[in-house]
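What follows is one structure encoded as structure tokens, with my remarks underneath.
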Amino acid sequence: MNLDWRICSRARLSRDARFDGKFYIGVRTSGVYCRPICPAPTAMEKNVRYFPTAAAAAEAGFRPCLRCRPECSPGTPAWAGTQSTVSRALRLIGECGLVDGGVEMLAERLGVGSRHLRRLFLRHLGATPRAVEQTRRLHFAKKLIDETSLPMIQVAMVSGFGCVRRFNADIRKIYHRTPTQIRALARQTVSQPENQYLFRLNFRPPYNWTAMLSFLAARATPGVEMVEQGGYRRTISVNGVNGCFEASLDEARHALSVRVQFGDAQSLFFIIERIRMMFDLNADWTTIVNSLRSDSVLAAPVRTNPGLRVPGCWNGFELTVRAILGQQITVRGATALAGRLVKAFGRQISFPGGLTHLFPAPEALVEANLASIGLTKARAETIRALAQAVCERRIIFDGIVDPGALLTRLREIPGIGAWTAQYVAMRALGEPDAFPVGDIALLRALDLKSHRELERRAEAWRPWRAYAAMYLWSVAGTSVTRKQTASKAHKIAVDDHDTAQPTYMAG
Ligand SMILES: [Zn+2]
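Residue numbers (this note's numbering): 379 to 885.
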């Protein structure tokens, strides 16, 4: 990754939040590394060094700044898509760290040599895989110290330090302070009830929260998800423990405020990473917009509606089931159907705010009588086959090492075609270049006749076609409401290129 120092310098001097997390500044005089938005007085150009990642700054011997808190910066943007080795490695490190076997094992899972992986990391991130993992662990520990009241022994365990002695020693060495002194500095005044955590998750502005919420609201599964008063909340289940979380916008701080209620602190890292993906918090708008704004149809909505994100999902299985339920019917119809599915086969739980169920686990859907909730025979069979494949671990949505292979396996299930697979790639795998080519609303938004024309047009938007799709759906939504009656807008789309025909997404 080549940093253009002139751009970095301009962003640093103007404290431009759009560059937050895209590079870090090592200050030679103080020995700390900062975010571009650091409120501390700006150092002279001759005293600073620019780094592509926090890990690179750490490896060069700089300490994280206590004022701008580099651990709060938005994550590395998926600049090369989910297929690139570095992106896949980062995702795996994000999901489970460097477990036994370390870098060797990570390289093996990715199907590359460990020396090659190291070279790739150094070229793109300026740091070794080991340094990247250590920085992530340190940053998460710092976040838990500052933002929660978890006992330090638990902070050490949850953030993966293994033992308290090492945790204390490392924190002291890096920050020149004990964990307790750091917590006192954070001046946290409100302590949270037991098993509740309040986190602030930063993004690079602009972020169109209203569009994100209205997309999620239309698809919110009754009992499992709820969009209300500017916030989103849902039930979750991780390793047999149930809980819920709620997210709302903290605009002034360029962050989402996330309240997690969960009984096992050990899963907090996973939960936070998943929420970041779900709300597409790592996206780099300034780069994305360059590919989209020269298109005649996209230019206007991109200008008037900046910061649209691609909504991800909490769980890949759940999202795929939702996509299948939505084939050939309206979004509203699919949401009602999902509500019936949850009521019939989801586990009942009780959390405040209308959250009553967990989304059904694959095991619950393998033998389920899905016709009883009004599903067609074909659709019921597709969901059962998917659930079976997940139970037998032929399809695994977590710890994905090869997104292409996952999509191929998904498409082997009768009833899952290219559209559904691309939709899953967009929302469950976070692939920024995924593009549901067969989608009828996309054709209409661009006034095109054939999928081939659409595919040709979309070439210019690479590697950000998923964002283009979000914009086109939003355009289609507004123009359809203007031109047609509501019932017509909800009519069924037919796509002869696909075994699974797409929903009319704009509804
Ligand atoms: Zn700073």
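Yeah, the Cβ is synthetic: ideal placement off N, Cα and C, and Gly gets one too.
Item	Value
What number of angstroms, rounded off, separates the C-alpha of Q862 from the C-alpha of A633?	Here Q862 scores only 38 on pLDDT, less than 50, and its place in the model is too uncertain to base an answer on.
Leaving out five residues on either side along the sequence, give the residues of the same chain with a beta carbon under 8 Å from the beta carbon of N617.	D642, S645
Can you tell me whether S674 is buried or exposed? The criterion is at least 16 other CB atoms within 10 Å of its CB, across all chains shown.	exposed
Out of curiosity, what's the CA-to-CA distance linking G704 and R681?	30 Å
Indicate whether at least one CB of chain D lies closer than 7 Å to the CB of M655.	The structure shown contains no chain D; it is built from a single protein chain.
With a threshold of 6 Å, establish whether the CB of R445 neighbours any heavy atom of ligand 1.	yes
Should C386 be listed as close to ligand 1, given that the test is whether its C-beta is under 6 Å from any heavy atom?	no
Considering only DSSP beta bridges, list what D398 is partnered with.	F401
Identify, in the order they occur along the chain, each residue of the same chain with its Cβ nearer than 6 Å to the Cβ of E624, setting aside the five sequence neighbours on each side.	G609, R611, R637
Tell me which residue opens and which closes the alpha helix (DSSP H) that F518 is part of.	507 to 525
Where do the N-terminal and C-terminal ends of the alpha helix (DSSP H) with V481 fall, by residue?	480 to 488
At a cut of 8 Å, does the segment 707 to 721 reach the segment 592 to 602 through at least three beta carbon pairs?	yes
So, at 7 Å on beta carbons, what are the nonlocal neighbours of P679 in its own chain, with the 5 sequence-adjacent residues on each side left out?	Y849, S852, V853
Would you call the segment 459 to 477 and the segment 681 to 694 in contact, with 3 or more CB pairs under 8 Å?	no
Identify, in the order they occur along the chain, each residue of the same chain with its Cβ nearer than 7 Å to the Cβ of E511, setting aside the five sequence neighbours on each side.	I471, G475, L476
Tell me, to the nearest whole angstrom, how far the beta carbon of R687 is from that of F657; I am working on the premise that it is less than 8 Å.	7 Å
If you follow the beta strand (DSSP E) that N620 is part of, which residue opens it and which one closes it?	619 to 628
So, with DSSP's three-state summary, where would you put I614?	strand
Where do the ends of the alpha helix (DSSP H) carrying F729 lie?	Premise fails: F729 lies in the beta strand (DSSP E), 726 to 729, not in any alpha helix (DSSP H).
With respect to 6 Å, is the separation between the Cβ of C412 and the closest non-hydrogen atom of ligand 1 below this value?	yes
If I follow the unbroken alpha helix (DSSP H) through Q800, where does it start and stop?	796 to 805
Give me the Cα-Cα distance between R447 and R757, rounded to the nearest whole angstrom.	49 Å
Go through its chain and collect everything with a Cβ distance to A864's Cβ below 6 Å, but skip five positions before and after it.	Per-residue confidence for A864 stands at a pLDDT of 35, beneath the threshold of 50, marking its modelled position as unreliable; no derived number is given.
Rounded to whole angstroms, how far is the Cβ of L484 from the Cβ of A505, which I believe are closer than 8 Å?	Not confirmed; about 14 Å, so no contact.
Any heavy atom of ligand 1 closer than 6 Å to the Cβ of C474?	no
Comparing the CB of A436 with every heavy atom of ligand 1, is any distance shorter than 6 Å?	no
With distance defined between alpha-carbon atoms, name the residue in A765, S828, A433, I778 nearest to F737.	A765
Could you check whether the Cβ of A564 sits closer than 6 Å to any heavy atom belonging to ligand 1?	no
Just to check, is the beta-carbon of C416 closer than 6 Å to a non-hydrogen atom of ligand 1?	yes
Considering Cα atoms alone, identify which of M590, Q607, S537, I649 is closest to V619.	I649
How many angstroms separate the CA atom of H613 from the CA atom of G694?	For the record, residue 613 in the displayed sequence is Thr; it is not His. Approximately 15 Å, taken between the alpha carbons.
Report the residue from S527, I549, A595, F593 whose alpha carbon sits nearest the alpha carbon of S569.	S527
Express the C-alpha separation of M804 and I707 in angstroms, rounding to a whole number.	20 Å
What are the start and end residues of the alpha helix (DSSP H) that includes C541?	Note, C541: premise wrong, no alpha helix (DSSP H); not H, not E.
Quick check: the Cα distance between A799 and Q726, rounded to an integer number of angstroms?	30 Å
Using a Cβ distance threshold of 8 Å, determine whether the segment 396 to 404 contacts the segment 431 to 440, with at least three qualifying pairs required.	yes
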